[in-house]
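Visitor:
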Amino acid sequence: MSENLSLSDAEARAILRAVHGAAIEAALPGPAMRGHLPPPPRGRCVVVGAGKASAAMAAALDQALQEAWGPQVSVSGVVATRYGHGVAAGRIEIVEAGHPVPDANSVMAAQRLLAAVAGLGPDDLVIALVSGGGSACMEWPVEGMGLEDLQTLGRALLASGAGIGEMNTVRRHLSRVKGGRLAAAAGPARVYTLLISDIPGDDPAAIASGPTLADGTTPRDALAIIERYGLPVPEAVRRRMMAAPACTVAGEYRMIASPQQALMAAADKARELGFAPLMLGDAIEGEARELGRVMAGIALSARQWGHPATAPAILLSGGEASVTLAGASFGKGGRNTEFALSLALALQGAPGIWALAADSDGIDGSDDAAGAVVAPDTLIRAAKQRLDARGFLASHDSYSFFAPLGDLLITGPTLTNVNDIRIILVA
Numbered sequence: 000m001s002e003n004l005s006l007s008d009a010e011a012r013a014i015l016r017a018v019h020g021a022a023i024e025a026a027l028p029g030p031a032m033r034g035h036l037p038p039p040p041r042g043r044c045v046v047v048g049a050g051k052a053s054a055a056m057a058a059a060l061d062q063a064l065q066e067a068w069g070p071q072v073s074v075s076g077v078v079a080t081r082y083g084h085g086v087a088a089g090r091i092e093i094v095e096a097g098h099p100v101p102d103a104n105s106v107m108a109a110q111r112l113l114a115a116v117a118g119l120g121p122d123d124l125v126i127a128l129v130s131g132g133g134s135a136c137m138e139w140p141v142e143g144m145g146l147e148d149l150q151t152l153g154r155a156l157l158a159s160g161a162g163i164g165e166m167n168t169v170r171r172h173l174s175r176v177k178g179g180r181l182a183a184a185a186g187p188a189r190v191y192t193l194l195i196s197d198i199p200g201d202d203p204a205a206i207a208s209g210p211t212l213a214d215g216t217t218p219r220d221a222l223a224i225i226e227r228y229g230l231p232v233p234e235a236v237r238r239r240m241m242a243a244p245a246c247t248v249a250g251e252y253r254m255i256a257s258p259q260q261a262l263m264a265a266a267d268k269a270r271e272l273g274f275a276p277l278m279l280g281d282a283i284e285g286e287a288r289e290l291g292r293v294m295a296g297i298a299l300s301a302r303q304w305g306h307p308a309t310a311p312a313i314l315l316s317g318g319e320a321s322v323t324l325a326g327a328s329f330g331k332g333g334r335n336t337e338f339a340l341s342l343a344l345a346l347q348g349a350p351g352i353w354a355l356a357a358d359s360d361g362i363d364g365s366d367d368a369a370g371a372v373v374a375p376d377t378l379i380r381a382a383k384q385r386l387d388a389r390g391f392l393a394s395h396d397s398y399s400f401f402a403p404l405g406d407l408l409i410t411g412p413t414l415t416n417v418n419d420i421r422i423i424l425v426a
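Quick note on numbering: the sequence shown equals residues 0 to 426 in numbering that gives the first Met the number 0.
(1) Give me the Cα-Cα distance between N416 and S257, rounded to the nearest whole angstrom.
(2) Confirm, please, whether the CB-CB distance from L173 to A103 is below 9 Å.
(3) Just mark K444 as buried or exposed, buried being the case when its beta carbon has 16 or more other beta carbons within 10 Å.
(4) Quick one: grab the DSSP three-state call for Y252.
(5) Is A265 closer than 9 Å to A22 when the C-beta atoms are compared?
(6) I need the DSSP call for W353, collapsed to helix, strand or coil.
(7) At the level of alpha carbons, what is the spacing between A155 and P70?
(8) My understanding is that I255 touches M32, with C-beta atoms under 8 Å, so please give their C-beta distance in whole angstroms.
(9) In whole angstroms, what is the alpha-carbon distance linking A312 and H395?
(10) Unbroken beta strand (DSSP E) runs of length 3 or more, entirely within the stretch 276-336: which are they?
(11) Taking 8 Å as the cut-off, does the stretch 280-288 touch the stretch 198-211 (at least 3 CB pairs, one atom from each stretch)?
(12) Between G179 and L262, how many whole angstroms is the CB-CB distance? I'm expecting something under 8 Å.
(13) Could you please give the first and the last residue of the uninterrupted beta strand (DSSP E) stretch that includes C44?
(14) For H84, count neighbouring C-beta atoms within 10 Å of its own C-beta (all shown protein chains included) and say buried if the count is 16 or more, exposed if not.
(15) In angstroms, rounded to a whole number, what distance separates the CA positions of D8 and D358?
(16) Within the chosen definition, does the stretch 237-246 reach the stretch 109-118 through at least 3 CB pairs nearer than 8 Å?
(17) Where do the ends of the alpha helix (DSSP H) carrying V94 lie?
(18) Measuring only the C-alpha atoms, how far is G48 from L112?
(19) How close, in whole Å, do the beta carbons of G332 and G364 come, if the pair is a contact with beta carbons under 8 Å?
(20) Taking the runs of the beta strand (DSSP E) that are 3 residues or longer, which of them lie wholly in the stretch 93-131?
(21) Quick check: the Cα distance between A213 and P350, rounded to an integer number of angstroms?
(22) Could you check if T247 is buried or exposed, using at least 16 other CB atoms within 10 Å of its CB as the buried criterion?
(23) Suppose only complete runs of 4+ residues qualify. What are the alpha helix (DSSP H) ranges in the stretch 14-94, listed by chain order?
Laid out in structure tokens, this is it:
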């Protein structure tokens, strides 16, 4: 059996935050950028990109290029990011647009990026900066779909319970810029893509729906997903998809940050603090509330029996959970706060177990919280405030459950995005 460690609530929370902070720091684009620079082109260098981390990537890239190349190479470009995630990026312009549902600025951003790579020659270089979130903040739908159609589809995808891979398969085959089409528009220039992965399994063509990297899926694959979830796509578009060829553009890429990289840094911090880390996987998917119950079972076993980890231990996992929204109304919250609420209910106040679940970009869904913290007394404090935990979970209102408890994790935009980070401390 485990030899349990006595921790105060404040100590446990500080440990969770320190481990979380180490994971985020390891995924920031600045330190990693310098090791992945291409040689300077004979012609121009145009930088494009999209995603929650792409503005920070652009800032780091512009500084790194000035140091490595000097002023003799012309560098310009435009990168799209989510509202509130923009930073100054020197010679590279930053535009902000909608997420998780595209808006008019998302369409404008896609058109700006296509214009930026038009007319380039074989001596020119395109550096694409791609991270999760690019599917929404840069989008121009195929002919026959307007902005309202795109927004309706985006909301339906988010509520469907589809996995991120399925979502991005649909998105890339309904887009004029995804699935390698941005790279095709840049030809004959060389296209070199730098990636920060938020995708379970790190499929490079799936990140932000692969604007510069074609993949092995076909329009018929997208149609099958559309049918499976009953997604609203105009019939005329469906008919064209039946005969549409897949884009087969091949491009160069480098992965500069990933979920595994972040979790390894978290494991190092756990060891430094005296806890044995157990990596449960960086590509875990499924319903958030189901994952909460499963992770609670693992934590309870670790504390009582010492397996699959011996306390004091920290259980680490990443990936992207999903939330299937059913019914006409539901509350506030994202997949990480829903996971945390389900975990708290499954633990039922078990002593010596704390947890933190957060989206690494700092925004869990569309609210201002990155996620939430669970403590042994979470349900006790909730009961004192007459908060019905099961009722909040049933109505997908996890944000409203944790907010009055003071247990929401508010970080603001972190300017990176390697998906969910789940940390369970077993003392």
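Glycine included, each C-beta is placed from N, C-alpha and C at the ideal position.
Guide: To lay it out plainly:
(1) 8 Å
(2) no
(3) Residue 444 lies beyond the range of the chain shown here (0 to 426); nothing can be said about it.
(4) strand
(5) yes
(6) strand
(7) 47 Å
(8) 6 Å
(9) 30 Å
(10) 283-286, 312-321
(11) yes
(12) That pair is no contact at about 29 Å.
(13) 44-49
(14) buried
(15) 23 Å
(16) no
(17) First-last for V94: 91-96, but that is the beta strand (DSSP E), not the alpha helix (DSSP H).
(18) 8 Å
(19) 7 Å
(20) 124-130
(21) 49 Å
(22) exposed
(23) 28-32, 53-68
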